[in-house]
Structure formats: structure tokens, C-alpha cells
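Only one structure is covered here, and it is reproduced in the block below.
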Amino acid sequence: MKKEIFKRIGFPEKKGLYDPSFEKDACGFGFIADINNEPKHEIVHQALDIVHKLDHRGAIGADPLAGDGAGILIQLPDKFFRDYFKSQKISLPELGDYAVGMVFLPNDITRSSIAQKAVEQAISDEGQIFIGWRDVPTDDTVLGKSVINNKPIIKQFFIQRSSKCKDENHFQRKLYVIRKTVHKKIHQSNLLEWEDFYIVSLSTRTIVFKGMVLAPNLSKFYVDFQDTKFETAIALFHQRFSTNTFPSWRLAQPFRYLCHNGEINTVKGNINWMNSRKHSMKSKTLGDDLDKLWPIIENSPSDSSTFDNALELLVMGGYSLPHAMMLMIPEAWKDNDSMDAERKAFYEYYSALIEPWDGPAAMAFTDGKQIAATLDRNGLRPARYIVTDDNLIIMASEVGVLPEIPEEKIVKKWRLQPGKMLLVDLEKNKIISDEDLKDDLKRKHPYGGWLKSNQILLSDVPKEIGPMTPDEKSLLNLQKAFGYTQEDLKFFLEPMIKSGEDPIGSMGRDIPLAALSNKSRLLYDYFFQNFAQVTNPPIDPIREELVMSLVSFIGPRPNLLDLTSGGKQKRLEVDQPILTNTDLERIRRIENHLTGSFKTLTLSICYKKDKNTVDIDSIISSLCSKAEKAVSENDYNILILSDRNVDEDHIALPALLATGAVHHHLIKKGLRTDVGIVVETGEARRVHDICLLAGYGAEAINPYLAFYTLSNIISKSKINVLEDEASKKYIKALNKGMLKVMSKMGISTFQSYCGAQIFDAVGLSSNVVEKFFTGTATRIEGVNLKEIQSETEERHLNAFKNNFEYDNVLNIGGDLSFRLNGENHVWTPETIGMLQHAVRSADYSIFKKYSNKINNQTENFKSLRGLFKFKNINKPIHIDEVEPTSEIVKRFATGAMSLGSISTEAHSTLAIAMNRLGGRSNTGEGGEEPSRFKELPNGDSMKSRIKQVASGRFGVTTEYLVNATDIQIKMAQGAKPGEGGQLPGHKVDKFIAKVRHSTPGVGLISPPPHHDIYSIEDLAQLIFDLKNVNPEARISVKLVSEVGVGTVAAGVSKAHADHVTISGHDGGTGASPLTSVLNAGGPWEIGLSETHQTLVTNGLRGRIAVQVDGGLRTGRDVVIGAILGADEFGFATAALISEGCIMMRKCHLNTCPVGVATQDPELRKNFTGQPDHVVNFFVFIADEVREIMAELGIKKFDDLIGQRKYLDFEVAKNHWKAHNLDLSDVIFEIENNENVSIYNNENQDHSLEKILDHTLIRDSKDALENKKRVNLKYNIFNIDRTVGGMLSGQVALKYGHEGLPKNTINIDFSGNAGQSFGAWLAKGITLNLSGDANDYVGKGLSGGIISIKKNINSKLISDQNIIAGNTLLYGAISGECYINGVVGERFAVRNSGATAIVEGCGDHGAEYMTGGVVVILGQTGRNFAAGMSGGIAYIYDKDDEFIKKCNMAMVEVDILKRANLNDDFNEELIDKNLLDFDEIRLKKIIQNHVKMTSSVKGEDILSNWDKEVSNFKKVMPTEFKRVLTSYKKDNMSKVAGE
Amino acid sequence: MGNPTGFLEIDKKERNYEDPKDRLKHFKEFIVPLTNEEVSKQGSRCMDCGIPYCHQGCPVNNLIPDWNDLVYKHEWKKALDTLHSTNNFPEFTGRICPAPCEAACTLNLTDNPVSIKTIECSIVDYGWEKGWIKPQLPKKHTDKKVAIIGSGPAGLACAQQLARLGHSVVVYEKNERIGGLLRIGIPDFKMEKTLIDRRMAQMQSEGVQFKTNSEIGNNISTNQIIDNFDAVSVCIGSEVPRNLEVKGRNLKGIHFAMDFLSQQNDMVAGKTISKDILISAKGKKVLVIGGGDTGSDCVGTSNRQGATSVHQLELLPQPPVNENKQLTWPNWPMKLRTSTSHQEGCERQWSILTKSFEGNENGEVTKLICVEVEWKKSEDGSMKMIEVEDSEFEIEADLVLLAMGFVHPIHEGLVNNLSLKLDQRGNVEADEISFKTSSDKVFVAGDCRRGQSLVVWAISEGRKCAERIDNFLKEK
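Here the protein sequences line up with chains E and X, keeping their order.
Convert by adding 124 to the 1-based position in the first sequence; the result is the number in our numbering.
Convert by adding 41 to the 1-based position in the second sequence; the result is the number in our numbering.
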């Protein structure tokens, strides 16, 4: 019997590391509307039916009946309510004159009546007339057990408009006030919790029905839905997939106006900025009521509900719904050449009023009169719609959700495009296009004129003279005072001025956390950057630059709710936020220019050190009150926080501390938007520093000492650049770095990033964080102001005291490269020497010396686990009683290191060793040569059991996948979470190119996101895809530790992953920006523990195996990992060291002298590693684990997992900083009843039993077994996903990548295909679909053929209607694809060899493509060919518009070369020689297209070929062409030589 | 790092030496330095390892990759500053350090380490040549006084550091001249003594006072020091030599190596040694017992004095010519090392135990009776020596130099007067972090604490001890 797992509905409280505020969600969503605005009962059921069809986009937690929530928003069913009140003998006022409130009440009468009375009181307080209550009947039998006991009482209340309200809009505003005040009254007085009392909706037009029910049960749950009088013309619907199982009733969607598929990444900042407008915001329409509305944002962990709150304010403040939406989610306008000037002016004007709510978003929204949907600028969410000839419009995440609508009735099939809006005006009964809608809005006011009068660019302000660089000695003192090290110059500033890039390094961070370090660390080092993983995608700031912007506004923001008097208040703008020393002077003296619109005050953040300075708290307080006074009393509107006054007697506060303090103080006072904050600091110099200052509120930053230092570097060394140029390069490098840090989190604009606080604090006390960095997560406590002060003063002293060690030189640093007198490292000459000697001589005693050296950290803490100690609560047992070494080593794996990053010798040595042990090695991203899948004659195997699937999908063939016991989806990498990678051309030799299915010599790009994972439901889909291809393999998801990773892991478990890896930030890398190596991600101890706690809390732990990796080095590490909740353990660096790596940190330079991380054949000869060395290492580790287990009295490893009772932490009493650390949350034991497993001992239910492929396999038996041709026919629906995947797995298992002869299995489908149609389709299989397809068609295509043609009854014109979704052919290896219509965004992304033709495509077509041929017989979207390094695209460009849409960074566009009939060619040459035969190749593809899909357009072009051929453009990557040309020459000279 | 592929492109090159024939004619240094251009190229061979293994080898934490790179970039002045930031006297170590850094160099994996010692020496020699090396005066003076007892490398380093921190420092030296073993023990052909003189000049300007002929506990009372100073640093070295107490030890012509070497150094410095105490190798068959550096210095000095033959015996077995890198690197490997003195002519034998000396009627030594030994691992893992049966043999010798190391500092006088606690080996007890002796305000550094060791260790200890003393004085 399962006991009740969950005690209460809604969120459990924060406990241990679990915090409900980390909730993330995603979903299926959409709307249906009768454009004629005729209410129908049918619409409700159609909407519910669609939700049902999107079932797979939602999730089910541990309780099978408790979904994550579903709901619909509809127009008031007036007829139904009128009928109801008639039976009550009450007559309702006219529609529009009454409002209905839908409310969740506590389920006991006493408490519920408190709320009801408060509602009635609020209604009368606002002068409106209360009509009555109605109980909403529900059928509770469909509720899950975990939900039913605490189901709220659901009621409706009715209000009549009083005559004091002049119209319906006025009434709506009063309703808004009523709702806000009653919530405030109840929640602020702590009468009831949010979960107990929540007004779901209150409107004269719309009403929301939602709840914690599975989508298919929604229609049963709300009994009202069955009444035929229950009618609406529109319905917005939503099905939620929450990352864990505690979504509450109120957080089910839709909210009052919208439903959202996506995530607002900048929500923390947005909320802060919203709150800080309290002082500056005034509204004509709301008048004095505005004061009653604060706080605008309800207390909610949901970014979507927060967004809803803000949107509502704008609408109530007088903006129209679409207008408000355009302000909050603006399209990318900044560098958009195709946008007209007026629209740009519109966006530019509003950009100063409100920062974008940034993050992936597909939103559907309505006020009952208009219903609309929009997509954010990146367009990362699918939204397809159809319009019928009887004016029904249906928009949903997928197509084919209402298959009963006859094809011939459909007049339009299209999709929401990035940044675009689709609006149905129910009063005008028509669809208003994005163009018309925005044209209308942009002309409402003279935005261009307003801008002209108020926009000031800093570059327009008269130039000032900046200060001169001081003499060398003074400069050195300044550098010392701000803690500069030689590494700052060597690894950061110098490379930055040389290359203009954020510098690159390799391997991981093995220095202590700042709070554990014996050295004085800068405050920046206590913060780690957050990054997107799974629940939202990072962005590629280089290849998708068009969505990025660094524009910053300095100074006061205009009144957000002022709709009419635009252009009065001046706004100061910079195109990026780094100020040179002269720029800063411009701002400092700006008052004399611009007619006094700006008034700048420089506030010193230095303090005098004397005996009276007890602590800096009072110094900061006085700084804050000075700032407040300057703004509120003296009308300063720009504050410069400056540490220029630093000298022997004056110490600078850490700039970040001062910035955070002033920023938050002004927010709390509601003054922040009245003033700009500029930071003038000698302290900031690296990208991370700048990002932190911006993240905590600095609108612009002047790192003056960095500029001085640059000027000194140039004057002294032989770097051949001018000072001015060096500054520019440095700023460029900072800019690029910042873009990367922002994009890692999926944030596109600096304005949204500013103040968004996208960091975790590690090792800062919560007092400090709450006060100065309010809202930032800090998990383990840590240093207080006292320690921060003494660190600061230590640096200062270093500059101005007698100093023998470094008088003429800077401190060495030693963070990146070990130095004896620098920062502590785990890996030292000593530890590496000992480990290598131990494994080579198989001498356990040397290993013990090594592990003692690493484990014993009492003097020098190097990691959090150094603070733990074991608790011996059992009697020790004899070691022979402990599980044998041979069992324990099975839990070990080596980390993911690709064949490109390490040599084939190093790679295969690890594989052989792990196979000998029965552990697992990992391919890394980059494939594996098939010869390794066979056993070696001596019984060894070089096959990596774990096959990694990373964002580049290099070498991910069907054959590769079926040769795995584990398939690991790499969401993030410890050393560089949220970033893509790049393998430079010189590392892509013939061998690497073969394995990766690419061209030797041509560089390869791995995009930051997986383009088929933009959200948790997408991840579930990829897991499903992979499980289909290889049902035997465990599917694993690799995450990196950060705050909230546990929540993501819970989502991963619900997405049916069998395995999850939690990586620490200290993991290694072959190449990564140093900013990421040092400053992103978090320690695994925290991430693992949070994961375990969250999984256990959610009852999800048993069904998923948890692996930890990132800097594991000893048996003690393993035991601590197990106790914190890991089943399995990954080792990368230590395993590499065992086979000879000496941590040169030169992997990115290809000069590894020991042949590990290099492809240089000469250096590879130096490789001395043996499988035995690696085997010895793992055996030693296991031996040490057993020793500890024996001491702890534990026989079975399983009995160790999650058993926090064996762990205690030693407060580092004597450490000046670490004594504050408190790890009790890390070892917090989640209360847990015996039925919830705390280690992996159950299996996931992958629901593979019902899939269509079983039928396909059964029917293809003859082909699979005897290679006999079969022809099959089936119907298909959107719920049939990954069709062909499992069948292909069968083919690859038997026949490898070679597959079956072409067309052996030939299948015709009719209907609408679900996602991933033809994923990893193997050679020999042809799928022909008549109908529409969803996203990911032909993902990983491995030789199969796919054709999609429009339904035979469809009357649509194929190049003007969409037929298949987004991200087609992602990572396709080979094969063919013919599509008779337009497809969505990112067509053929990272295609490496497939040939494909479509009749139009969305944005980012052919992105990152490395091979293959694509043909677009129609329009493309913007940013075509971004990051394209190989292959060819042919574009039919009759109107000569293509070039504007093509990203020319890596490609060239030519007209098509006509064929020379004298050319000597054959079929094979056409495929192989991509330099020539364009015309013949293209024609052949179009001919096939016509044959496969009966394409009319194709036929037209062919029939007029001689003329049409000139309408084609050829897109070819420049580098690719150069390499191919040189091959050709080589071959010719070889021939000549022969 | 300037040149990531330098190690693949440039061959290793070392300083040259004058031909043995020529150099045996004098007692001067015989190094032929590389040109700056050549040194710079050698600097580019450094790979700037993420973990610089050379650090494993360097007791003074020399920032080797950093100055290698600066030399590569011809930033000599900055290289000099960087070098001086961890090492007070690089011209000493650049000459006489055995360079464990080079053994630990990553390129030594393929037997081609960066010529670190050559580079170090070039940087500092060039710095002196250019006149870049100046006194570094303290910004502020304190009112604290520190006495340094002993002026070897440990004492000098300790004194310089403390002076730069503003303390008043007095160095007491019992001998006539400053420098300790550097001055009296190291032959001039390995390190000329003017190098010490110019450092003294620098230190005097920085505020260090030198008092020679001042033996604490002898001509200056220990109490006087303790009463007059706020802290005392004992840097008296490890002077008691290991003796060979076998039959015939008292014969004439058997001397401790240091007695022999110091006479020669005195003579080079211009002092005349009276005949009756003069130990000369001229025309003699010299036999050196002990295979270490001091033994090697005896070999070089004997040859320069005109010995007819030089023979060197070592008790331990002959180490291998090539070490097993897989199991030794980056540690200091046991391997056969041939010094420049050996190259000048010497017969070396290993695994030889001296059983007795025999002499002539004048009581002068004429030969040694020796036996071959074998080294075997005993049950407890330690190596045990066993004499090989019937292996006895004789070697003729008329000058025998005992160079078997030093056992501990001299206890008489200072150490006993202060009742300093000793460790098991007879060294002054203090741990490597505090450098604090059992006596209040008395610190200790160098060989008298750690036992006989390298000059570079002495400098390292002197520096660290200075830092502890500074903290001690601050807390006072």
C-alpha cells in the first residue's frame, strides 16, 4: 500500500536546498476562436479536445492522476449564467454590466467565510453592487489522490456595475482594484495563504476554469462544461508540464489574460524594476486607484503569472492588449534592416520606458474582445495555426490537433513567427496581420519625432578630456590596492587587446571557493553565473547576433503609464555599457550641456581607515542615504559611484557591494527609476566583474584602472597597437564576453540583463545577500561584512605597506596556473606525480599518500567536501564483509571527452579500461568510428558504452545510438555551461572528419542549445526519440550544478530519463572562455544534494539513477557523493591524469606534450598511458571506498546512498573566512516515508508499448529478415510520435550504418504526423506522408528517405502554407527529404549530409550546416546560413531578396553556374564534387521532388527550366569552398605525378 | 605565453664551459655564458605549463615560467623584478643550485628540460651588468631590532627581508668575512666571491649592519643579544662534519673536506696560509671519501692544486645512468651525475666501504683498506648494507679528504646557552611553518634547522623565517 506521499497541496515549504521558487514549467498551449464571435458550446469541447491531444506535452508526477495543471480561459457564458440566476429568481444585468469572479477558497467553512466576507466588503468599498455567490459544481472522482484532499472550494461571485462607473472599461478597472485590494488585505494580514485564497479571474468578459487535473479530465471535472448553454466564441487553453510535482491550483494556466509556453529569464530584474517605479509612475486612467494596486506583482513563483500581473497593469493603465504585449516582448528591432523606420522608432521609444521581459515565450492572450498570440524575438516555441472557410481559427503547439476538420475547409495554414503577433479582432470579425496591427500602432503617435526630441546618445554629448595614466609606481600601487595579479594581465588584459575576444583556456577550476580560500578574494569571486539548461535554451550570440543588444539607458526612466506626452523627458543612451575614461567625464559634466536635463553626482565609495571605523556597515548605510537624498531632495538623476579617491589612507569598498547596496536601497525607496547608476571603478576588469556590476544594477561601468593598465602594457611591451585601438579591442572583448554571459541564460538584451541578478552567491552570508543583493540565492552561508572588509583591507595594505615579496611586481595570482606561492590547487606537481606513480606501479600505498594529500584539507580547504566528516554511528565491520571492488567499479564512468578534444589513443585507452572493469566510458561529442563497435581479438573492447548526444550531433547516427548501453544528452558542461563549442579547422583531420561526418580542415561549431530542446517537454520528446531508436539503452541527461538544478532534475525524471548526471562547475574542458571556467555553475556538493532532496520530496528518486561528476578524485569523494545522493560516479580529469595527462591546460592549443589532448601525430607518440593504469586507478578508488564503508559499518553500497546520517560538517573554526560556512542544508535529510525510494531501484515507464512502430516492425518482418521489399500504408495522428525511429533502430542493429537497399521498406502515411517524424530514419526506409507534420522531421536522418506532400483534398498553395514544423533534419547524416510546402524555423540545422528540398522556410535556415545539399523553392526567413561551415544551399530567389536575409559571415552567395555539357560527369561525381555540377545536381533534386510530392511549383520551374535556372542563388561556405578547391588541386597534382 | 610551440622548434642549449685543460689552470669561474639572444630563445622553449612542475623542484617558489616568458619577450628588467620577487640571490642559485627545477621540468619527460638555471643566471647577471639592481629601501622604519646569527645564505636572506620591512637588522658572523659556507666552502671556480660583496653593499644600504669576528656565546655573550634585540634568528648552519672512525683515522694527511676547501678559498682571497697547517694536494695521490657535492668540490680543487691522481669513493651503489621517468618524474631522480669537476679528471668507485687507513713510519697515510658492499632490501623495507665476501682491496693515497656530510650544528656556545630544544638528529627544533625555537623570541632557519641542504633551501628558509619574525614583531 502506498501511503500518502504528499501532505498538502501546493508547494512544500523551503527545506534543505529545496526551494519552491525554483519552479519551472513549459507546456502545450493555444487557442481556438470563432472569428465571427458567435458563442458556441462546441468551442469549449474542441478546446478541451485539443488539450487532450497535447497530452504528451504535459507531465505526470509520482501520482498518476495528478497532472501539473490544465485550464481554459473563455468568454463569460452569459446564457448559462443568466439561466442559472433565473432559477435563483435573480435577473442578471446586461452582458458587460456584470462581472464574474472565479475564486479558489479554503475548504473549511470558517476560513472560507473570512475570504467571502472580504470579497463582499471590497466590492462595496469600491462602490459596486454584489449580486451573489455560486458554487461551482465539480466531479472530484477524476482528481488524483494527492490532490483531492486539499482541493479548494471553487466558487463564483457576481458583481453588478454601479452607475458611478461610466462604462465597462471603467468597471473593469474597478474590478482590478477590488481584486488587488482583497488579495492584499487577506494575504498581507496573514489571514490566509495564497494557496488558500486566490481569485482566478474577475472580469465582465472572460472567465478562467483551471485546476490540478489531467487535461483529458478537465471536461469531466468542471460539470458546467456539459451544459449546452455553456457557450463561448473563444477559448485559450493550456496544459502544464512543471519540472516538479508541486504545481499548485493557482499556478495552473491560463492566468487572467494569458497563457504562456516558455520562461521569462529576467523575471527577478523585471520585478525589481516594476517595484522601483512606485515613485515615478502616474496614470491618467487609474488616477488615485494606482496607489491601491501596489505591489503590482503578486507573490508567486511563476514567471508567467508575474508577467500576467504586469501586462494587466499596462492594459488597465490604458494600453491596448497588443500594444502592451509589444512593449513587454518587443521583436528584435535594433539591427533589423528589414524593419521600417517608423516601427523601429516605436520600439526604440518604448525601450526607454520598459525593459523587455526576456526569455523564450509563446504567449496566447485575450481580453474577451481580442484574442491573440505572439512569439518572442528568438521564436523558440512552436505555434501553428489553421483558419477554416467558416472563420474558425485554431492555434496550438502542434498541428493536427483537430483532425476531424476537413482539409478542404482549411484556407490557411501558418505559424507564429519570431517577434510576430497574430491577432483576431472579435468585434471587427477579422484576423489582423502582424503588419497591419503594428502599422496601426506605430502611427498612433509621432514616435520618431518624440525620439528626436528626447533621445541623447552619449556620443553626441561634447567630448571631454579624460585623465592621464599615472606613473608606473603609482599605477602599480593602484593595481595592488584593487587586487590585480599578474594573471589579470597575462591571461585577461593582454589577450583581450590582442584578439578582441574573451580569452580561452582549458581544463577546469581546481582552486577553492572564495569563502574557503586563504587568500584575499575579490567579492566577484563569490558569485557564479547562472545559465539555461533544459527549461529554456541559451542563445548563440555570434551566429544569432541579430537578436542581441547591448544598448543601455543611463538615468531616469519616463513614466511607464504616460501614454500621451512622449518626448518631454530626455533619455541618455549608450550603445554598450562600458565607458572609457573620457566617456565617464562626459557623464560627470553633463549638467552643463543638454539644458540641464541631467544632473550628475559623483559619490565616493572610499572610506577612511582609522581607529573609529569599526565596520563598513555604517559606511554603506551612509552611502545609501547620501544616494537617496541626492535623488529625492537634490534632483540628481545620475549617480556615479566612484572609487577614484583610493590612496594610502582611503580604502575602496568593493564596487559590487556599493552598487548592490545603492541599487537595492533605491528600489526599496521606490526611487530607482528616477536615477541612473554609473560605476567608476578600478576594481572591475574581467567580463565576470562587469556582468556582476550590471546584474546588480549598474547601467554603465567605467573600469578606469583597466584602461590605465592597457596603456601601460602597450607603452612597455611590443604589442603593436595604439592606445585607442587597445581600448576599443578591450571593450569589444568585454562586450563579446557579456553577450556570451547573457546568452548563456537565454537573455538577448542588456536592458533586461541589467538588474536581473542572474547569479548564485556561494559562500556569502544570507544577511549580506538579503541586504545588498536581495533575492539572490545563497545556500551555505558564508562570509559576513567583517570578512569582506578584512579581505578588502588586506589588498589595500598590500599596496601601501612595506613589502618585500612583491614590491616591483604584482602578486602572481596562480588561479589558472599553479604557482607555489599563489592560490591553492588540488592538482599540484606533487599530487599528480603521486597518482601517476601509483597507477603505473600498481602500488596502493602510493595511492593512499595521494588520496591523503587530497582528502586532508584541514589546513587548506579546497572544496566544500573538505569540510565534511564521516559520522561513525555503526560498529566498523571487517572489510571482507563489504561489497566487492568488482561490484563497486561498475558504478564508475569516465567523463565525456570527444575524439576531437583528446587523441584517439587517449580516448580508446579509457574505453578499454572501463570495459575491462565493467564500468562505462563516454564517447563525448563527436561520434565514434564503427570499427570500435567490434571486440578486439584479445577480448578487449574499444566501444564506449555511453554515447553522448550533444548539441552539434556530430556522428550521431542510428548505428551509433544502437551501440550504446547509455545515451547521454549533454545539456551543459561543467566548465562551460550554457555554451556551445568550436573545433577549429586545424584540429579536424581526416580521421576526425570521418567520425564526425564532416570535411577535413573545415571548423565545426556546436551550438549553445540543442535545437530540439528549448523546454522540458522538448527534452521529454528527445528522450522519447532516443528510447525509440534504442529501447535497451538508458537515457541520461547531463546537467550542471546551479541553484534550481534539483528542480530541473525532477523535471528530467518526469520526462522519463533513466539517468541524470549532476556535474560540478569544476569539471574540465578542451577549450572554453576563462570567464566560464572560473565563474559559471556551482559546486556539485550543492547541486547533487539539491537534486536528491528535490527528487525525494517529489517521490521521483527511485525511478532515476543519479550520477555525479566534476572533480571527483578519491574514494572519500565517492562516499561523500553517495551520501549526498549519487548512485554513480564520473571521473574525467583524474582518469586522464592516470593515463598521462599532466594538466598542461594547453588542450586548446593542440600542443599537449604527453599526447593526450592533441591531434599532432608527433606529440601523440609521447602518449604512454595503458588501460592498466586506468584500471588501477578505479580499483584503488573502489578499494578506498570499501575501507571507508567498513569503517562506517556498511556492507552494501546502496545502503550508503542518500544516508545523510553518516555525514557531518566540521565548521572550519580556525579559518578566518570559512568558519561562517554552514552546510546543514546540504546534509539536510528530507523527511521521507519508507515507501519512497532514496536510491535508484525502479524503472521509468517510457510508454513504448502503444507506439505505431511496433506495427511497422511487425509488418516489415520480411524486409528486416530477408531484405525483401515491403509496401505499407497507415493512418497517422499527431500523437504518433517518432514514427520510424524504432524501426530504424532494428535496421541499424542488424545492418549498421549501411542499412538496407534503398526503398526496401516503403511506407505511406496519411494524416498528421506527430513530432520527430522519421527521426534517425535508417537507410532502406522510405516514409511518404500525405498531410502535415510537426517539429523535428528527419532529425538525425541516417540514410532514409522522407517525403511530405499536402493532403489530396487540400486546396492550399504549397509555397504559401506551412506543412512541417521547426528544426527539420537537425543533425541529419545522410538521406533525402522532399517537402511540398513551407517549413518552420531552423530548417536543416546542423545537417551534415542529407539532401533536402522545401518550398519555403523560416528564420535561421541551414544554420550550422556542415554538409549536404538543401534547396529552398521559395522564401527563406532571416539569418539564413548562420554558422554554416559546409554543404550547399540553392535558393529560388525570383524577387532578388535573398541576400538581405542571408547571414554572410561565413558564406558567399553566387548565381548558379550553368552546366557545361562537355563536362565529364557521372552520378557519383555529382554527389562527391560539390564544387561543380550545380545545375545538374539542382535539377535532379527538383525532379525527384516532383516525383515524390507532385509539387506544382517544382513542375512549373522544370517546365520553364532555361529561364528559371537564373532565378537560383547558390550559397556556399567560403572556408568549405577553399578547402574543397585545395583538395581538388591536390588530387589533380597527384594524378599528374602518377 | 609567447610561443606555444617553441619547445617543438628550438633545441635545448646550455651554457658552455672553458676547456678542462685551460680551466684547471685557475680558480676562476669557467662558464662561457650564452648570448642574450640565445637565452631568449631558450626561454621560448618553456611551455608555461598549467601545472609548472619546475615548481615542485624549487624551494624558493621561483616564478620560472613567468621569467622564462619575459626573457623570451626580451623584457629583461621585468624578468629581473619577477626573479627577485621570490629569490634574494639568484646569482648564487644560478651558479651552484643543482636545479631540481630542471629535473621536474615537463620537457625532462623527454630529457630536454628548459635550461632554467642558465636563464636564471643570465637574468641576474645582466641585471647587475645593466645596473638595475638597487637597494630597496623600506617605506617606513619600525622601532624593532633583529639579530641574525650567522651570515650564510639563510642569514643573509633573512636579514635582507627584515631590513626591507623596516626593521633594524644586525648580522653577526664568527668568521672574518661574511657569507658562511658560500664564502668559505664553495670554491671560487664555482662561484666567485665578489658576488657576495656586492650583495653586502646592497644590504648595507638597505639598513643591515654586519658584525664579523663576532661569535655569540664566545666573544659576545648570548644574554647581550637576547636583551638587546626584539627577535633573534639563528642561522648558524650545520657545521659538524661526519667522521670516519676507523683504524688509522689519526694518521697525517687525513682531513675533513671543509678544512681543505676553506684554505683554498682563503688563498684565493689573498690570505697566506702558514706551511705547517697548509693542506695541499699538489703532487699527491688524493682520495676523496664521499660522493656528494662537497666531494666533487674537493676533486676540482685537488686537480687545480696539481694532484697526481684523484680518486673518489662512495658507499652507496652506483645509480642508473637513466632514471625511469614513468616512476620518478617530477621528483628528483637518483641517477648518475657527473659534475664539471669530475670531467676534469677523477676515478670514481661506488659501493665501497673504508675499513681502515694505513700509514708509513712518519705517521702519514699511504693507503686505504676497502671492501665492496652490497645493498639489500631488508624485511622492514629499509636498505641494508652487506660486505661482499673476499672483496677486500687497497688504494694508495697520500691525501685523504673526508666529505661525508655534516651531522648537525655546533651545540657548544649559542645553542647550549639558549638551551634550544634539538630534534633527534641534533638540529635545532622548529617547524617549517613557525620557524620558532623553544626559546622565546628566538627563531631558526637554514641548515641548522633542516640539516645540511642546498643553498636554495637556505634562502627559502631565511625568507620564510623573516616573514614569521615580522608577524611576531607586529603582534608584539
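Glycine included, every Cβ here is placed at the ideal spot set by N, Cα and C.
By the Cβ criterion, the stretch 282-297 of chain E is not in contact with the stretch 155-172 of chain E, since fewer than three pairs of Cβ atoms, one from each stretch, lie closer than 8 Å. No Cβ of chain X is located within less than 8 Å of the beta carbon of P594/E. The DSSP-derived three-state label of K158/X is helix. The alpha helix (DSSP H) runs of length 4 or more contained entirely in the stretch 415-440 of chain X do not exist; there are none. Judged by DSSP in its simplified three-state form, H403/E adopts coil rather than helix or strand. In this structure, the alpha-carbon of R86/X lies about 8 Å from that of T46/X. By the criterion of a C-beta distance shorter than 6 Å, R218/X is surrounded in its chain by R224, once the five residues flanking it on both sides are discounted. Contact between I1070/E and R1044/E holds: their C-beta atoms lie close to 5 Å from each other, under 8 Å. Only residues of its own chain outside the window of five on either side were considered, and among them E531 have a CB closer than 6 Å to the CB of S1478/E, listed in chain order. By alpha-carbon distance to R645/E, the top candidate from S676/E, T609/E and T900/E is T609/E. Runs of alpha helix (DSSP H) with 4 or more residues, each lying fully within the stretch 1533-1594 of chain E, are found at 1566-1569, listed in chain order.
Between the stretch 650-662 of chain E and the stretch 519-535 of chain E there are fewer than three C-beta pairs closer than 8 Å, too few to call the two in contact. Taking CB atoms only, A195/X has no neighbour in chain E less than 8 Å away.
Taking the C-beta atoms as reference points, P665/E is found no nearer than 8 Å to L504/E. In terms of beta-carbon proximity, H96/X lines the interface with chain E, with at least one pair separated by less than 8 Å. Taking 4 residues as the minimum length, the alpha helix (DSSP H) runs contained wholly in the stretch 273-319 of chain E are 292-312, in order along the chain. The beta carbon of W951/E sits closer than 8 Å to some beta carbon of chain X. At the C-beta level, A656/E and G1102/E come within 8 Å of one another. Here the stretch 880-892 of chain E makes contact with the stretch 904-913 of chain E; the two share three or more CB pairs at distances below 8 Å. Around the beta carbon of S583/E, a 10 Å sphere encloses fewer than 16 other beta carbons of the protein chains shown; the residue is thus reported as exposed. For N44/X, the nearest beta carbon of chain E is not closer than 8 Å to its own beta carbon.
The Cβ atoms of G193/E and S1139/E do not sit closer than 8 Å to each other. Cβ neighbours of L394/X within its own chain (closer than 7 Å, five residues either side excluded): L356, C411, V412, V414 and E428. Residues of chain X whose Cβ lies closer than 8 Å to the Cβ of M631/E are, in chain order, G91. Taking one beta carbon from each stretch, the stretch 979-998 of chain E and the stretch 1017-1030 of chain E have fewer than 3 pairs nearer than 8 Å; the two do not touch. At least one CB of chain E lies nearer than 8 Å to the CB of T123/X. The straight-line gap separating the alpha-carbon atoms of I517/E and I1487/E is approximately 17 Å. Setting aside the 5 residues that flank it on each side, K1337/E is surrounded in the same chain by H1343, each with a C-beta closer than 8 Å to its C-beta; the list follows chain order. DSSP places Q353/X in the uninterrupted beta strand (DSSP E) bounded by S350 to L354.
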